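So our numbering is basically just the index in the sequence shown, starting at one, shifted up by 1. Glycine is no exception: its CB is placed at the ideal position from the N, C-alpha and C atoms. Given the structure is predicted, the values throughout are model-derived calculations rather than measurements. To keep things clear, I will list the structure first and then write my remarks on it.
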Amino acid sequence: MSKAQIKLLIENTIKHNGMVETAIKGVHIFRVTEPVPCTPVVYEPTIIAIVSGAKEAILDGSKHSYDANHYLCCTQSMPIEAGVPNASSDTPLLGVMISLDTKVMTELAIAVDSTQYKTRLSQGKSISSGLTLARWDSEFSSSLLRLLQLNSDAKQAELLGEGRLRELYYAIFKGDAGKSAQQAFAVGNEVTKAINYLNDHLDQPVTIDEMASNIGVSRAVLHRKFKQATTLSPIQFMKSMRLNNAAMKIASGMKVSQAAMQVGYVSSSQFSREFKRLYGKSPKQWISA
2 MSKAQIKLLI ENTIKHNGMV ETAIKGVHIF RVTEPVPCTP VVYEPTIIAI
52 VSGAKEAILD GSKHSYDANH YLCCTQSMPI EAGVPNASSD TPLLGVMISL
102 DTKVMTELAI AVDSTQYKTR LSQGKSISSG LTLARWDSEF SSSLLRLLQL
152 NSDAKQAELL GEGRLRELYY AIFKGDAGKS AQQAFAVGNE VTKAINYLND
202 HLDQPVTIDE MASNIGVSRA VLHRKFKQAT TLSPIQFMKS MRLNNAAMKI
252 ASGMKVSQAA MQVGYVSSSQ FSREFKRLYG KSPKQWISA
């Protein structure tokens, strides 16, 4: 019943194609009425819950779909390709995107006793520990409904929004994505620290040795933990993160050479080669397509 109510709230709030911010900071709802091919994006820590239609996410060449049966939980900055395969005006994609507040999630990771709430094994396809498909359980549905109901009253949203977001975050820790959230936001997580370091220095040449040294682990340990958390090696992750960020900048109208410089490439020709190797087209061919 909660899911049907959530769908009705979204339908009544957004009538046209696009994404709009609600009265609660970090919470957006969206409607898509035509197919969108998978394109490079960078997901920050976020939850995406679909109530109608389906979305696709591609990580390291593997394609995964999620719909009204599973929500996507991204607990770390991740370079992926995302799209909407079958949306139409008759069967629109409807959903909600919720940013995960790092400070609050870290507080909950410390407070939650993982032995008290044993994470259930997901019956959905687990993409990785950093990008997980989790079942819509009753606690997630009811907390999401209570959160979205605040959107009709700005004063209530201001007074109660943070508390209800915290309630939703707590439902995530108790659900199928709980293990991923616990790993990502626990104090001392090396992969999260390495990703944050990379994001802070995206416009500068960064080596794997620098990343490992900055967080106090060996190159071998960093490689192993990155593969576990993202399915990518540190080098693959770094290239994907830079190229996906550049693709987003190019798609928004930035010149190719400028986008390359802003993500740490000193050579436009090297950038174009690596872009084509990853996406199958040169930057100019890709934006034309």
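Cα separation between residue i and residue j?
i                 : j                 : result
isoleucine 81     : serine 3          : 30 Å
phenylalanine 238 : isoleucine 49     : 22 Å
phenylalanine 227 : phenylalanine 186 : 15 Å
isoleucine 7      : isoleucine 173    : 17 Å
tyrosine 280      : aspartate 154     : 44 Å
glycine 54        : serine 214        : 44 Å
arginine 121      : arginine 167      : Confidence at arginine 121 is low in this model, with a pLDDT of 44, below 50, so its placement is unreliable and the value that follows should be read with caution. Roughly 21 Å separates the two Cα atoms.
serine 66         : glycine 164       : 31 Å
leucine 223       : cysteine 39       : 29 Å
phenylalanine 141 : threonine 76      : 16 Å
tryptophan 137    : leucine 145       : 10 Å
alanine 230       : serine 130        : 5 Å
serine 78         : lysine 240        : 13 Å
proline 36        : serine 89         : 7 Å
serine 269        : proline 41        : 19 Å
serine 234        : aspartate 177     : 25 Å
threonine 14      : alanine 69        : 19 Å
arginine 278      : tyrosine 266      : 15 Å
threonine 47      : threonine 103     : 10 Å
lysine 119        : isoleucine 111    : The predicted position of lysine 119 is uncertain, since its pLDDT is 47 and thus under 50; a value taken from the coordinates is nonetheless stated next. Rounded to whole angstroms, lysine 119 to isoleucine 111 spans 15 Å at the Cα level.
glutamine 263     : serine 139        : 44 Å
Considering only heavy atoms of the ligand COA, does any lie closer than 8 Å to the CB of residue i?
i             : result
threonine 208 : The ligand COA is not among the ligands present in this structure, which contains no ligands whatsoever.
Specify, as a first and last residue, the run of the alpha helix (DSSP H) that residue i falls within.
i              : result
serine 273     : 269–280
isoleucine 15  : Per DSSP, isoleucine 15 belongs to no alpha helix (DSSP H) and is neither H nor E.
isoleucine 30  : Looking at the DSSP string, isoleucine 30 is not in any alpha helix (DSSP H); the run it does join, the beta strand (DSSP E), is 28–33.
lysine 250     : 235–252
isoleucine 288 : 284–289
asparagine 70  : Careful: asparagine 70 lies outside any alpha helix (DSSP H) and carries neither H nor E.
isoleucine 209 : 209–216
valine 257     : 257–263
On the CB-based measure, 16 or more other CB atoms within 10 Å of its CB, does residue i come out buried or exposed?
i                 : result
methionine 242    : buried
lysine 282        : exposed
threonine 193     : buried
isoleucine 16     : Before going further, note that residue 16 is lysine rather than isoleucine in the sequence given. Answer is exposed; the Cβ neighbour count stays below 16.
threonine 208     : exposed
leucine 169       : buried
leucine 160       : exposed
phenylalanine 272 : buried
methionine 20     : exposed
asparagine 246    : buried
arginine 225      : exposed
arginine 274      : exposed
isoleucine 251    : buried
Quickly, what does DSSP pair residue i with across the bridge? List them, please.
i             : result
threonine 47  : Cys75 and Ser100
proline 80    : Val43
isoleucine 59 : Lys64 and Glu82
leucine 10    : Looking at the DSSP assignment, leucine 10 forms no beta bridge with any residue, so it has no partner.
serine 53     : Leu95
valine 37     : Val85
Going by DSSP, what residue range makes up the beta strand (DSSP E) through residue i?
i           : result
tyrosine 67 : 63–67
lysine 226  : Where lysine 226 is concerned, there is no enclosing beta strand (DSSP E), although the alpha helix (DSSP H) it sits in stretches over 220–231.
valine 21   : 19–22
Mind pulling the alpha helix (DSSP H) runs of 4 or more residues that sit fully within the segment 129–203? 139–149, 155–175, 179–186 and 191–201
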